[in-house]
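Read through the structure below, which is laid out as structure tokens, and then see the notes.
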Amino acid sequence: MDDLDIPSKTTKLQNTLIQYHCTLEEEWRVAKKSSDVTAWRKPSEEFGGCLYKIEGIVEDDYNRIVDYIRPGPYRLQWDSLMTSMDIIKEFNKVRCVGIEYEDARPNCVRGFNHPCGWFCVPLQNNPQHSLLTGYIQTDLRGMLLQKTVDFAMASSLVNFYSDLKKALKP
0 MDDLDIPSKT
10 TKLQNTLIQY
20 HCTLEEEWRV
30 AKKSSDVTAW
40 RKPSEEFGGC
50 LYKIEGIVED
60 DYNRIVDYIR
70 PGPYRLQWDS
80 LMTSMDIIKE
90 FNKVRCVGIE
100 YEDARPNCVR
110 GFNHPCGWFC
120 VPLQNNPQHS
130 LLTGYIQTDL
140 RGMLLQKTVD
150 FAMASSLVNF
160 YSDLKKALKP
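Here numbering that gives the first Met the number 0 is used: the sequence shown runs in plain steps of one and ends on residue 169.
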């Protein structure tokens, strides 16, 4: 763990996320849409699945939103898709390292997240509302048909916003 070149990896991830964020609109296909959230997908350049873009307005301060979506204590309280979390090392509040386990536990599907992350930007006309945009690409490594994963991912990401909004309510 000590041999990680954190500045280099951080720069690479930032550049990758900016590249995703600058992807032309016509390269994305709508995967799922609700009244206030849209999920798009396009083929991933990292693996044989899809890169998902999810975007919606969240009614709260961007700092509070980030506290709730980053790995940490808040996330386990509200995110139904996250049942446990082991943070091996935290470099700061926005970067951490997980661990890969050799043996898969029975009754579990273990995925691997390729570069992913979030942009949370306060709206200029209403700073107590933020545009939250995420880029997610989870590789379930052949455990499920890609078609099944694609359907489930889009729905799960839209539900993520709904659950987040409920968790942020006072």
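Note that beta-carbon positions come from the ideal geometry of N, C-alpha and C, so glycine has one too.
Along the stretch 49-82, the alpha helix (DSSP H) occurs as fully enclosed runs of 4 or more residues at 61-68 and 72-77, listed in sequence order. Counting only residues of its own chain and dropping the five nearest sequence neighbours on each side, T15 has a CB closer than 6 Å to the CB of P114. Here DSSP, grouped into helix, strand and coil, assigns N124 to coil. One thing to note: S129 has its Cβ no nearer than 8 Å to the Cβ of V29. Taking 8 Å as the cut-off, the beta carbon of R40 is found no closer than this to the beta carbon of A151.
DSSP places K168 in the coil class of the three-state scheme, outside both helix and strand. Contact check for T132 against K52 passes: the beta carbons are separated by less than 8 Å. For the set L80, L122 and D149, the Cα lying nearest the Cα of F159 is the one of L80. In the DSSP assignment, S154 forms no beta bridge with any residue.
The alpha-carbon of S83 is positioned some 33 Å away from that of T22. Rounded to whole angstroms, the Cβ separation of D162 and D59 is 14 Å, and the two are not in contact under 8 Å. By the C-beta density criterion, I68 is buried, having at least 16 other C-beta atoms within 10 angstroms. Per DSSP, reduced to three states, the secondary structure at P6 is helical. Within a 10 Å sphere around the beta-carbon of S7 sit fewer than 16 other beta-carbons, which makes this residue exposed. If you check the CB distance, G47 and Q145 come in under 8 Å. Rounded to whole angstroms, the separation of the alpha carbons of E24 and L12 is 21 Å.
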